[in-house]
Amino acid sequence: MAASSVLKQLVKKHGTPLFIIDHAVIRRNYAIFKKYLPRVQAYYAVKALPDPEVVKTLFDAGASFDVASMPELSIVYEYIRDMPAKQRQDWIWDKIIYAHPIKTNETLQELDQYKPLVTFDNREEIQKIRKYAPRAGLALRLKVANTGAMVELSSKFGAAPGEAVDLILEAHNAGLVVEGLSFHVGSQTTNFDNYVQAINLAANIYKEAKDRGYDKMNLLDIGGGFPAPYDPTVKPFRKLARKINAELERLFPPEIQILAEPGRFMVATAATSVSKIIGKAVLDGKLCYYVDDGVYHTFSGILFDHCQYHFSAFKTGPKQICTVFGPTCDALDCISMSEELPSDLKLGDYLYSKNIGAYSIASSTRFNGFPPAKIVHINQ
Ligand SMILES: *Cc1c(COP(=O)(O)O)cnc(C)c1O
């Protein structure tokens, strides 16, 4: 990540609050993913950081994309708009998955022309797809264990294993093509056995489908969840990759195409936020700093992503445990109650937070009239 001298220069030029994206880190994360999971095509989950330049960097690196709304699709579409129609359609078929199990009729109608790959997990959706996007390819989203993930994702979506093959056959009987299976083990999964279990479950469902006469599946989508190295307790990616590769090799023959939808892993470590101290007080004996970015803004992940961010100061000096508040009038706008920071920081000094690329500015609001942080790209 950018050295503190670079951060300071950028702050001088652009002011705060600032959200700095280092594209070299995104390229490196993508390369690491490909290196350790060579059989797996990475569909970047755009929602983690839906920034057009981030999408461009991953596009140029050869990534595919996981989108879940038409606005997300249109970020990717920008880069293929000028292709001849046929080529563009093939590109979308090869490189985009619309990975939201619930789609509106209007969205399906729009999607149909591209013959995309879409996920589903229930009967009603089969009828919608049959009616509005009959040319789509389908992937059945399975409910799998999310044990030990920072963000649980299986309570909202996913077909129970016991109903999976019935749904596959029902879609087939409706004239649709089920291309394969997908799942999500939960975001920031540090329990690597979730992947092992989910891949085994998928293999069983492949087999049951075949036994019951459906043998058209040719892909497996192992979803997102790959953990970012927020702290040293997160085991290295290569260890997870080794487990995944072993299971894939054992259970899925080489002609089965393997996809993944990494969001956080690609972007978490690529961004740093810098905020300015705009107030300082002592409340009940505890030192509090007020900064110009907060929980309604770049630090939204504290609420939505269950992620705790930490601050560093450019200045050094004797430290104490402080509270850091965001700029809005809501007491909920408390970024941290236990940050070890120099106690003599002044108004106008800066704090920065690293590894804040995923699920942060993506959910920034304009609450209280404060706009989201300015985004600056380092792209060398
Ligand atoms: C959010 C999401 C992802 C990305 O998950 P990460 O944990 O950020 O890798 C991938 N697929 C689906 C369907 C999602 O909802």
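By the UniProt record's numbering, the letter at position 213 of the sequence shown is numbered 213, and the numbering carries on one by one without gaps.
Where a beta carbon is used, it is the ideal one built from N, C-alpha and C, also for glycine.
Here the structure is a predicted model, which means the values were calculated and not measured.
Going by C-alpha to C-alpha distance, which of the options sits closest to residue i?
| i | options | result |
| --- | --- | --- |
| residue 348 | 297, 364, 376 and 289 | 289 |
| residue 106 | 133, 194 and 54 | 133 |
| residue 247 | 202, 214 and 35 | 202 |
| residue 295 | 83, 67, 235 and 356 | 356 |
| residue 121 | 139, 104 and 114 | 139 |
| residue 86 | 189, 59 and 115 | 115 |
| residue 36 | 369, 119 and 241 | 241 |
| residue 23 | 56, 13 and 33 | 56 |
| residue 80 | 69, 96 and 68 | 96 |
| residue 219 | 318, 257 and 286 | 257 |
| residue 152 | 70, 306 and 196 | 306 |
| residue 373 | 11, 5, 73 and 189 | 11 |
| residue 109 | 102, 131 and 89 | 131 |
| residue 74 | 39, 101 and 111 | 111 |
| residue 214 | 377, 164, 157 and 169 | 169 |
| residue 358 | 299, 129 and 161 | 299 |
| residue 145 | 174, 164 and 191 | 191 |
| residue 264 | 199, 360, 280 and 82 | 360 |
| residue 319 | 123, 103, 262 and 344 | 344 |
| residue 92 | 124, 137, 101 and 53 | 137 |
| residue 244 | 53, 197 and 285 | 197 |
Any idea if residue i is buried or exposed, counting beta-carbon neighbours within 10 angstroms, 16 or more meaning buried?
| i | result |
| --- | --- |
| residue 180 | buried |
| residue 321 | exposed |
| residue 183 | buried |
| residue 301 | buried |
| residue 217 | buried |
| residue 371 | exposed |
| residue 118 | buried |
| residue 143 | buried |
| residue 227 | buried |
| residue 33 | buried |
| residue 376 | buried |
| residue 157 | buried |
| residue 188 | buried |
| residue 29 | buried |
| residue 58 | buried |
| residue 336 | buried |
| residue 261 | buried |
| residue 103 | buried |
Quick check on the DSSP output: the beta strand (DSSP E) that includes residue i runs from which residue to which?
| i | result |
| --- | --- |
| residue 380 | That residue, residue 380, is in no beta strand (DSSP E); it is neither H nor E in DSSP. |
| residue 341 | 334-342 |
| residue 139 | 137-141 |
| residue 19 | 18-22 |
| residue 323 | 319-325 |
| residue 352 | 350-353 |
| residue 118 | 117-120 |
| residue 221 | 219-221 |
| residue 66 | 64-67 |
| residue 151 | 149-151 |
Along the alpha helix (DSSP H) that carries residue i, what are the first and last residues, could you check?
| i | result |
| --- | --- |
| residue 56 | 52-61 |
| residue 70 | 70-77 |
| residue 94 | 85-95 |
| residue 304 | 301-304 |
| residue 46 | Residue 46 -> no alpha helix (DSSP H), and no H or E assigned at all. |
| residue 10 | 4-14 |
| residue 171 | 161-173 |
| residue 330 | Note, residue 330: premise wrong, no alpha helix (DSSP H); not H, not E. |
| residue 293 | Residue 293 -> no alpha helix (DSSP H), and no H or E assigned at all. |
| residue 105 | 105-112 |
Cβ of residue i within 8 Å of any heavy atom in ligand 3?
| i | result |
| --- | --- |
| residue 161 | The model depicted lacks ligand 3 and carries ligand 1 instead. |
Legend entry - Inter-stretch contact (C-beta, 8 Å, three-pair minimum) for the region 47-54 and the region 262-275: Taking 8 Å as the limit for Cβ pairs, the verdict is that the region 262-275 does touch the region 47-54.
Legend entry - Three-pair Cβ contact test at 8 Å for the region 314-332 versus the region 250-262: Fewer than three beta-carbon pairs drawn from the region 314-332 and the region 250-262 are found closer than 8 Å, and the two stretches are therefore not classed as touching.
Legend entry - Within the region 243-286, ranges of the beta strand (DSSP E) (whole runs, at least 3 residues): The region 243-286 contains these whole beta strand (DSSP E) runs: 257-260 and 271-283.
Legend entry - the region 307-314 in contact with the region 345-363 per 3-pair CB rule at 8 Å: Yes, the region 307-314 touches the region 345-363.
Inset, instruction - Decide yes or no for the touch test of the region 27-47 against the region 57-65: beta carbon pairs closer than 8 Å, at least 3 of them. - result: Counting Cβ pairs under 8 Å, three or more are found: they touch.
Inset, instruction - Determine contact between the region 271-278 and the region 7-26, defined as no fewer than three beta-carbon pairs at a distance below 8 Å. - result: Touching, yes, given that three or more Cβ pairs across the two stretches are closer than 8 Å.
Legend entry - Ranges of the beta strand (DSSP E) found wholly within the region 183-214, counting only runs of at least 3: Runs of the beta strand (DSSP E) inside the region 183-214: 187-189.
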